[in-house]
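Position one of the sequence shown corresponds to residue 869 (our numbering), numbered consecutively onward. C-beta atoms are modelled at their ideal positions from N, C-alpha and C, and glycine is treated no differently.
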Amino acid sequence: MNYWQFRLRLYNESLKQWLESLKQLSMGIVALFPLALPALIFLPFVAWGILADATTDNALYLNTLWGYLLFVYSWMSLQRHGILATQHGYYLDSLSVTQSKRVWCELGLVVYSANILLLGPLGLLLLMIYQGGNRFSILPFDDIILQLLPIMGALALVSYYCVSAVRITTLPWLSLFILPLVAIPWAFELAKGQWLVLWCLAIIVERQLVVPTLTLRAGWPTGLYRLQLQGDLHNPRPEGLRLVALLLMAILLGIMINGAKPEAQTYIAGFLSFCSALIMASSLFNAQALCRRYQPYLSSLPLSQFSLQLHCVCYVGFKAIPGLMLLAYIGMFSVMHWALWLLFYVTSLVGILARPDHRPSWFFILPIISAIVVFVVMR
(Lines of atoms letter the chains of each structure in order from A and count residues from 1; the text may use other names and numbers.)
(Lines give C-alpha, C1' and ligand atoms only; values in the text may rest on other atoms or scores of the structure.)
Protein backbone atom coordinates (compact mmCIF):
# COMPACT_ATOMS: atom_id res chain seq x y z
CA MET A 1 0.00 0.00 0.00
CA ASN A 2 1.53 3.32 -1.08
CA TYR A 3 1.03 6.70 0.60
CA TRP A 4 -1.88 7.75 -1.63
CA GLN A 5 -3.77 4.50 -1.02
CA PHE A 6 -3.19 4.86 2.72
CA ARG A 7 -4.53 8.44 2.80
CA LEU A 8 -7.51 7.44 0.66
CA ARG A 9 -8.34 4.60 3.03
CA LEU A 10 -8.15 6.93 6.04
CA TYR A 11 -10.50 9.35 4.30
CA ASN A 12 -12.99 6.61 3.43
CA GLU A 13 -13.01 5.37 7.02
CA SER A 14 -13.57 8.90 8.33
CA LEU A 15 -16.40 9.48 5.87
CA LYS A 16 -18.00 6.17 6.84
CA GLN A 17 -17.93 7.09 10.54
CA TRP A 18 -19.39 10.52 9.81
CA LEU A 19 -22.22 9.04 7.77
CA GLU A 20 -22.97 6.53 10.51
CA SER A 21 -23.27 9.36 13.04
CA LEU A 22 -25.90 11.00 10.82
CA LYS A 23 -27.79 7.79 10.16
CA GLN A 24 -30.53 8.32 12.73
CA LEU A 25 -31.20 11.89 11.69
CA SER A 26 -31.10 11.04 8.00
CA MET A 27 -33.68 8.29 8.55
CA GLY A 28 -36.01 10.91 10.00
CA ILE A 29 -35.41 13.22 7.04
CA VAL A 30 -36.04 10.42 4.53
CA ALA A 31 -39.29 9.55 6.31
CA LEU A 32 -40.45 13.17 6.12
CA PHE A 33 -39.34 14.15 2.62
CA PRO A 34 -39.20 10.96 0.50
CA LEU A 35 -40.16 12.74 -2.72
CA ALA A 36 -37.90 15.76 -2.21
CA LEU A 37 -34.63 13.84 -1.78
CA PRO A 38 -34.36 12.64 -5.42
CA ALA A 39 -34.86 16.22 -6.56
CA LEU A 40 -31.89 17.36 -4.45
CA ILE A 41 -29.60 15.24 -6.60
CA PHE A 42 -30.48 17.30 -9.67
CA LEU A 43 -30.02 20.70 -8.03
CA PRO A 44 -26.30 20.92 -8.97
CA PHE A 45 -27.23 20.22 -12.61
CA VAL A 46 -29.74 23.08 -12.54
CA ALA A 47 -27.12 25.35 -10.96
CA TRP A 48 -24.57 24.50 -13.66
CA GLY A 49 -27.01 25.47 -16.38
CA ILE A 50 -27.62 28.85 -14.75
CA LEU A 51 -23.94 29.51 -14.06
CA ALA A 52 -22.88 28.58 -17.62
CA ASP A 53 -25.48 30.74 -19.38
CA ALA A 54 -24.05 34.16 -20.20
CA THR A 55 -27.57 35.52 -20.78
CA THR A 56 -28.75 34.75 -17.23
CA ASP A 57 -29.72 37.94 -15.42
CA ASN A 58 -27.26 39.07 -12.75
CA ALA A 59 -29.56 38.57 -9.74
CA LEU A 60 -30.26 34.93 -10.63
CA TYR A 61 -26.58 34.31 -11.41
CA LEU A 62 -25.34 35.79 -8.11
CA ASN A 63 -28.00 33.98 -6.07
CA THR A 64 -27.18 30.66 -7.71
CA LEU A 65 -23.43 31.19 -7.40
CA TRP A 66 -23.74 32.14 -3.74
CA GLY A 67 -25.88 29.12 -2.90
CA TYR A 68 -23.58 26.76 -4.79
CA LEU A 69 -20.46 28.12 -3.08
CA LEU A 70 -22.10 27.89 0.34
CA PHE A 71 -23.01 24.27 -0.31
CA VAL A 72 -19.53 23.41 -1.57
CA TYR A 73 -17.81 25.13 1.36
CA SER A 74 -20.07 23.41 3.92
CA TRP A 75 -19.61 20.00 2.32
CA MET A 76 -15.83 20.32 2.27
CA SER A 77 -15.72 21.70 5.83
CA LEU A 78 -17.57 18.63 7.08
CA GLN A 79 -14.90 16.41 5.49
CA ARG A 80 -11.92 18.48 6.58
CA HIS A 81 -10.70 16.14 9.34
CA GLY A 82 -11.05 13.13 7.06
CA ILE A 83 -9.09 14.75 4.24
CA LEU A 84 -6.30 15.93 6.53
CA ALA A 85 -6.44 12.74 8.64
CA THR A 86 -6.09 14.83 11.78
CA GLN A 87 -6.66 11.83 14.06
CA HIS A 88 -3.53 10.22 12.62
CA GLY A 89 -1.46 13.39 12.32
CA TYR A 90 1.46 12.25 14.48
CA TYR A 91 1.82 8.99 12.58
CA LEU A 92 1.64 10.73 9.20
CA ASP A 93 4.33 13.20 10.27
CA SER A 94 6.63 10.30 11.14
CA LEU A 95 6.46 8.83 7.62
CA SER A 96 9.37 9.46 5.25
CA VAL A 97 7.27 11.18 2.58
CA THR A 98 8.32 14.32 0.76
CA GLN A 99 6.35 17.51 1.33
CA SER A 100 5.42 17.78 -2.34
CA LYS A 101 3.91 14.29 -2.27
CA ARG A 102 1.88 15.19 0.83
CA VAL A 103 0.55 18.32 -0.89
CA TRP A 104 -0.38 16.46 -4.07
CA CYS A 105 -2.13 13.73 -2.10
CA GLU A 106 -4.15 16.31 -0.19
CA LEU A 107 -5.11 18.04 -3.44
CA GLY A 108 -6.13 14.67 -4.84
CA LEU A 109 -8.31 14.02 -1.80
CA VAL A 110 -9.88 17.48 -2.17
CA VAL A 111 -10.84 16.68 -5.77
CA TYR A 112 -11.98 13.19 -4.75
CA SER A 113 -14.15 14.47 -1.89
CA ALA A 114 -15.59 17.40 -3.88
CA ASN A 115 -16.35 14.95 -6.66
CA ILE A 116 -19.13 16.10 -8.97
CA LEU A 117 -19.42 19.50 -7.29
CA LEU A 118 -16.00 20.45 -8.69
CA LEU A 119 -15.74 18.19 -11.74
CA GLY A 120 -19.21 19.14 -12.98
CA PRO A 121 -18.40 22.81 -13.73
CA LEU A 122 -15.02 21.76 -15.13
CA GLY A 123 -16.60 19.22 -17.47
CA LEU A 124 -19.24 21.73 -18.55
CA LEU A 125 -16.56 24.32 -19.36
CA LEU A 126 -14.60 21.80 -21.45
CA LEU A 127 -17.80 20.73 -23.20
CA MET A 128 -18.64 24.35 -24.06
CA ILE A 129 -15.15 24.89 -25.48
CA TYR A 130 -15.33 21.66 -27.51
CA GLN A 131 -18.80 22.27 -28.94
CA GLY A 132 -18.07 25.91 -29.71
CA GLY A 133 -14.68 25.29 -31.27
CA ASN A 134 -15.67 26.19 -34.82
CA ARG A 135 -17.80 29.12 -33.72
CA PHE A 136 -15.10 30.48 -31.40
CA SER A 137 -12.63 30.53 -34.27
CA ILE A 138 -14.62 33.26 -36.05
CA LEU A 139 -15.86 35.22 -33.04
CA PRO A 140 -13.93 38.15 -31.57
CA PHE A 141 -11.89 37.32 -28.51
CA ASP A 142 -14.02 39.62 -26.33
CA ASP A 143 -17.20 37.72 -27.24
CA ILE A 144 -15.58 34.40 -26.39
CA ILE A 145 -14.52 35.68 -22.98
CA LEU A 146 -18.00 37.07 -22.29
CA GLN A 147 -19.57 33.69 -23.05
CA LEU A 148 -17.11 31.62 -21.01
CA LEU A 149 -16.48 34.05 -18.15
CA PRO A 150 -19.52 33.12 -15.99
CA ILE A 151 -18.67 29.41 -15.82
CA MET A 152 -14.90 30.09 -15.64
CA GLY A 153 -15.40 32.45 -12.70
CA ALA A 154 -17.68 29.97 -10.97
CA LEU A 155 -15.12 27.18 -11.48
CA ALA A 156 -12.31 29.33 -10.06
CA LEU A 157 -14.35 30.24 -6.97
CA VAL A 158 -15.48 26.65 -6.42
CA SER A 159 -11.86 25.47 -6.63
CA TYR A 160 -10.76 28.11 -4.13
CA TYR A 161 -13.46 27.32 -1.56
CA CYS A 162 -12.82 23.58 -1.88
CA VAL A 163 -9.21 24.14 -0.87
CA SER A 164 -9.83 26.91 1.68
CA ALA A 165 -12.47 24.86 3.52
CA VAL A 166 -9.76 22.25 4.14
CA ARG A 167 -6.60 24.31 4.56
CA ILE A 168 -7.82 27.62 6.05
CA THR A 169 -9.52 27.60 9.43
CA THR A 170 -10.68 31.23 9.24
CA LEU A 171 -14.29 31.62 8.14
CA PRO A 172 -14.67 33.48 4.79
CA TRP A 173 -16.94 36.06 6.42
CA LEU A 174 -16.46 38.81 3.82
CA SER A 175 -16.54 36.95 0.51
CA LEU A 176 -19.09 34.27 1.40
CA PHE A 177 -21.49 36.18 3.67
CA ILE A 178 -21.25 39.97 3.69
CA LEU A 179 -20.43 40.58 0.01
CA PRO A 180 -23.30 38.47 -1.44
CA LEU A 181 -25.82 39.98 0.98
CA VAL A 182 -24.82 43.47 -0.15
CA ALA A 183 -24.34 42.58 -3.83
CA ILE A 184 -27.66 40.90 -4.62
CA PRO A 185 -29.84 44.05 -4.18
CA TRP A 186 -27.37 45.87 -6.48
CA ALA A 187 -26.89 42.98 -8.90
CA PHE A 188 -27.74 44.96 -12.04
CA GLU A 189 -25.35 47.82 -11.26
CA LEU A 190 -22.33 45.82 -12.47
CA ALA A 191 -21.69 43.16 -15.09
CA LYS A 192 -21.03 39.52 -14.18
CA GLY A 193 -17.31 39.90 -14.82
CA GLN A 194 -17.10 42.93 -12.55
CA TRP A 195 -18.90 41.07 -9.76
CA LEU A 196 -16.50 38.14 -10.14
CA VAL A 197 -13.52 40.49 -9.89
CA LEU A 198 -15.06 42.11 -6.82
CA TRP A 199 -15.57 38.66 -5.31
CA CYS A 200 -11.88 37.85 -5.82
CA LEU A 201 -10.89 41.18 -4.25
CA ALA A 202 -13.05 40.35 -1.22
CA ILE A 203 -11.18 37.05 -0.87
CA ILE A 204 -7.83 38.86 -0.95
CA VAL A 205 -9.00 41.44 1.61
CA GLU A 206 -10.35 38.86 4.06
CA ARG A 207 -7.11 36.91 3.83
CA GLN A 208 -5.16 40.00 4.87
CA LEU A 209 -7.44 41.16 7.68
CA VAL A 210 -7.05 39.76 11.15
CA VAL A 211 -10.45 38.74 12.51
CA PRO A 212 -10.69 39.62 16.22
CA THR A 213 -11.56 36.72 18.47
CA LEU A 214 -14.66 37.00 20.59
CA THR A 215 -13.97 36.73 24.32
CA LEU A 216 -16.40 36.95 27.20
CA ARG A 217 -16.20 39.97 29.46
CA ALA A 218 -15.67 39.39 33.15
CA GLY A 219 -19.01 39.38 34.92
CA TRP A 220 -21.17 39.25 31.77
CA PRO A 221 -23.03 37.16 31.05
CA THR A 222 -23.36 35.20 34.24
CA GLY A 223 -24.70 31.85 35.37
CA LEU A 224 -25.99 29.28 32.96
CA TYR A 225 -26.08 31.75 30.05
CA ARG A 226 -22.31 32.19 30.31
CA LEU A 227 -21.85 28.43 30.34
CA GLN A 228 -23.97 28.02 27.20
CA LEU A 229 -22.24 30.89 25.38
CA GLN A 230 -18.81 29.58 26.28
CA GLY A 231 -19.79 26.18 24.91
CA ASP A 232 -20.85 27.71 21.59
CA LEU A 233 -17.61 29.70 21.35
CA HIS A 234 -15.56 26.55 21.90
CA ASN A 235 -17.58 24.61 19.30
CA PRO A 236 -19.02 27.09 16.76
CA ARG A 237 -19.39 24.59 13.92
CA PRO A 238 -23.02 23.48 14.68
CA GLU A 239 -24.29 27.06 14.76
CA GLY A 240 -22.31 27.88 11.64
CA LEU A 241 -23.88 24.96 9.80
CA ARG A 242 -27.34 26.11 10.88
CA LEU A 243 -26.61 29.57 9.51
CA VAL A 244 -25.43 28.08 6.22
CA ALA A 245 -28.53 25.86 6.03
CA LEU A 246 -30.74 28.89 6.64
CA LEU A 247 -28.93 30.87 3.95
CA LEU A 248 -29.17 28.02 1.44
CA MET A 249 -32.88 27.63 2.13
CA ALA A 250 -33.49 31.37 1.77
CA ILE A 251 -31.46 31.55 -1.47
CA LEU A 252 -33.16 28.54 -3.05
CA LEU A 253 -36.69 29.64 -2.15
CA GLY A 254 -35.85 33.23 -3.07
CA ILE A 255 -35.01 32.05 -6.60
CA MET A 256 -38.24 30.04 -6.71
CA ILE A 257 -40.43 32.88 -5.47
CA ASN A 258 -39.12 35.27 -8.14
CA GLY A 259 -40.30 32.96 -10.90
CA ALA A 260 -43.55 31.81 -9.27
CA LYS A 261 -47.04 33.15 -9.78
CA PRO A 262 -48.37 35.58 -7.12
CA GLU A 263 -50.81 33.00 -5.74
CA ALA A 264 -47.96 30.52 -5.21
CA GLN A 265 -45.54 32.98 -3.61
CA THR A 266 -47.35 32.98 -0.27
CA TYR A 267 -47.01 29.18 -0.04
CA ILE A 268 -43.28 29.35 -0.83
CA ALA A 269 -42.78 31.96 1.89
CA GLY A 270 -44.82 29.79 4.26
CA PHE A 271 -42.54 26.84 3.51
CA LEU A 272 -39.53 29.03 4.30
CA SER A 273 -41.10 30.03 7.62
CA PHE A 274 -41.58 26.34 8.45
CA CYS A 275 -38.03 25.27 7.51
CA SER A 276 -36.32 28.28 9.09
CA ALA A 277 -38.22 27.76 12.34
CA LEU A 278 -37.11 24.12 12.50
CA ILE A 279 -33.49 25.02 11.72
CA MET A 280 -33.30 27.69 14.42
CA ALA A 281 -35.21 25.66 17.00
CA SER A 282 -32.85 22.69 16.52
CA SER A 283 -30.23 24.71 18.41
CA LEU A 284 -31.99 23.49 21.56
CA PHE A 285 -30.43 20.06 20.94
CA ASN A 286 -26.97 21.53 21.55
CA ALA A 287 -28.14 23.38 24.65
CA GLN A 288 -29.57 20.17 26.10
CA ALA A 289 -26.42 18.23 25.21
CA LEU A 290 -24.31 20.77 27.11
CA CYS A 291 -26.59 20.43 30.13
CA ARG A 292 -26.18 16.66 30.06
CA ARG A 293 -22.41 17.07 29.85
CA TYR A 294 -22.35 19.22 33.00
CA GLN A 295 -25.15 17.37 34.76
CA PRO A 296 -23.20 16.79 38.02
CA TYR A 297 -22.40 20.49 38.30
CA LEU A 298 -25.92 21.64 37.39
CA SER A 299 -27.43 19.20 39.88
CA SER A 300 -25.55 20.97 42.65
CA LEU A 301 -27.19 24.31 41.80
CA PRO A 302 -30.50 25.43 43.35
CA LEU A 303 -32.30 25.04 40.01
CA SER A 304 -35.30 22.87 39.25
CA GLN A 305 -35.55 20.95 35.99
CA PHE A 306 -38.17 23.42 34.78
CA SER A 307 -35.89 26.39 35.48
CA LEU A 308 -33.02 24.67 33.68
CA GLN A 309 -35.13 24.03 30.59
CA LEU A 310 -36.44 27.61 30.71
CA HIS A 311 -32.87 28.92 30.71
CA CYS A 312 -32.07 26.79 27.66
CA VAL A 313 -35.17 27.95 25.78
CA CYS A 314 -34.43 31.62 26.53
CA TYR A 315 -30.82 31.22 25.39
CA VAL A 316 -31.89 29.50 22.15
CA GLY A 317 -34.42 32.28 21.55
CA PHE A 318 -31.65 34.85 21.94
CA LYS A 319 -29.52 32.99 19.37
CA ALA A 320 -32.42 33.09 16.90
CA ILE A 321 -32.17 36.90 16.63
CA PRO A 322 -29.47 36.91 13.87
CA GLY A 323 -31.56 34.49 11.82
CA LEU A 324 -34.63 36.68 12.24
CA MET A 325 -32.63 39.71 11.14
CA LEU A 326 -31.52 37.80 8.03
CA LEU A 327 -35.11 36.84 7.17
CA ALA A 328 -36.22 40.44 7.69
CA TYR A 329 -33.40 41.65 5.41
CA ILE A 330 -34.43 39.24 2.65
CA GLY A 331 -37.98 40.61 2.88
CA MET A 332 -39.97 37.54 1.83
CA PHE A 333 -42.29 37.48 4.87
CA SER A 334 -45.57 39.27 5.41
CA VAL A 335 -47.23 39.65 8.82
CA MET A 336 -48.96 36.31 8.32
CA HIS A 337 -45.66 34.54 7.59
CA TRP A 338 -44.06 36.01 10.72
CA ALA A 339 -47.00 34.67 12.75
CA LEU A 340 -46.56 31.26 11.11
CA TRP A 341 -42.84 31.32 11.88
CA LEU A 342 -43.59 31.97 15.56
CA LEU A 343 -46.11 29.11 15.60
CA PHE A 344 -43.70 26.66 13.98
CA TYR A 345 -40.81 27.82 16.19
CA VAL A 346 -42.75 27.35 19.42
CA THR A 347 -44.14 23.94 18.39
CA SER A 348 -40.61 22.85 17.38
CA LEU A 349 -39.24 23.82 20.80
CA VAL A 350 -42.10 21.99 22.53
CA GLY A 351 -41.47 18.97 20.32
CA ILE A 352 -37.80 18.91 21.30
CA LEU A 353 -38.61 19.23 25.01
CA ALA A 354 -41.30 16.55 24.89
CA ARG A 355 -39.64 14.06 22.56
CA PRO A 356 -38.90 10.53 23.81
CA ASP A 357 -35.28 9.74 24.61
CA HIS A 358 -33.03 8.60 21.76
CA ARG A 359 -35.60 9.63 19.15
CA PRO A 360 -34.49 13.08 17.95
CA SER A 361 -36.54 12.93 14.74
CA TRP A 362 -39.78 12.91 16.77
CA PHE A 363 -39.53 16.65 17.33
CA PHE A 364 -40.79 17.04 13.74
CA ILE A 365 -44.24 15.74 14.73
CA LEU A 366 -45.68 18.83 16.45
CA PRO A 367 -44.56 21.41 13.83
CA ILE A 368 -45.79 19.12 11.04
CA ILE A 369 -49.19 18.78 12.68
CA SER A 370 -49.39 22.55 13.10
CA ALA A 371 -48.36 23.04 9.45
CA ILE A 372 -51.08 20.65 8.27
CA VAL A 373 -53.69 22.46 10.37
CA VAL A 374 -52.57 25.85 8.98
CA PHE A 375 -52.65 24.53 5.42
CA VAL A 376 -56.20 23.16 5.84
CA VAL A 377 -57.40 26.42 7.41
CA MET A 378 -55.78 28.59 4.73
CA ARG A 379 -57.48 26.58 1.97
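Just measuring C-alpha positions, the residue of A1155, W1041, V914 sitting nearest V1073 is W1041.
The shortest CA-to-CA distance from K884 to any of H949, F939, F913, W1209 is the one to H949. Distance from the CA atom of P912 to the CA atom of P1235, rounded to whole angstroms, is 29 Å.
It is roughly 27 Å from the alpha-carbon of A1051 to the alpha-carbon of Y1135.
When the alpha-carbon of L1095 is set against those of S1032, Y958, N1154, the nearest one is in N1154. When secondary structure is reduced to three states using DSSP, L1171 falls in the coil class, being assigned neither helix nor strand. N983 sits in coil when the DSSP states are folded into three classes, being neither helix nor strand.
For L1152 against L1217, the beta-carbon gap comes to about 6 Å, under 8 Å, which counts as contact. The straight-line gap separating the alpha-carbon atoms of A1055 and V940 is approximately 22 Å. Residue state for V965 is assigned as coil, using DSSP reduced to three classes. Closest in C-alpha terms to S981, from the list I1046, G1127, V1034, comes V1034. Counted as a single uninterrupted DSSP element, the alpha helix (DSSP H) harbouring N926 occupies residues 926–946. Taking C-beta atoms under 8 Å as the contact rule, W1067 and L1047 qualify, at a distance of about 6 Å.
If you look at N1154, you'll find it in the alpha helix (DSSP H) that goes 1151–1161. Counting C-beta atoms within 10 angstroms of its own C-beta, H1102 has fewer than 16 neighbours from the protein chains shown and is therefore classed as exposed. By the CB criterion at 8 Å, F1212 and F1142 fall inside the cutoff. Between L1158 and G1099, the C-beta gap is smaller than 8 Å, which places the two residues in contact.
For the pair L1114 and L1017, the CB atoms are not nearer than the 8 Å cut-off. Sequence-distant Cβ neighbours of Q1133 in its own chain, meaning closer than 6 Å and more than five residues away, are I1125.
When DSSP states are grouped into helix, strand and coil, N1126 belongs to the helix group. Comparing alpha-carbon positions, the option among I1198, A1024, L985, I1013 lying closest to I1123 turns out to be I1198. Contact check for G1091 against L1064 fails: the beta carbons are separated by 8 Å or more. The closest CA to that of Q1062, considering only S1027, L1077, I1013, is found on I1013.
For secondary structure counted as the alpha helix (DSSP H) over 4 or more consecutive residues, the segment 1029–1115 holds these complete runs in sequence order: 1047–1051, 1060–1076, 1091–1102. Of the candidates W1206, A953, M944, M996, M944 places its Cα closest to the Cα of L985.
Going by C-alpha positions, K1060 is about 14 Å away from L1025. Contact check for I1019 against L930 fails: the beta carbons are separated by 8 Å or more.
Inclusion of A953 and L878 in the CB contact set at 8 Å is warranted, their separation being smaller than that value. The Cβ atoms of G935 and L1116 sit closer than 8 Å to each other.
Counting other Cβ atoms within 10 Å of its Cβ, T923 stays below 16 and is therefore classed as exposed. Each residue's CA atom was taken as its position, placing K1187 and T1215 some 17 Å apart.
Here M869 carries a coil assignment [DSSP, helix/strand/coil]. Assignment of I1006 by DSSP, reduced to helix, strand and coil, places it in the coil class.
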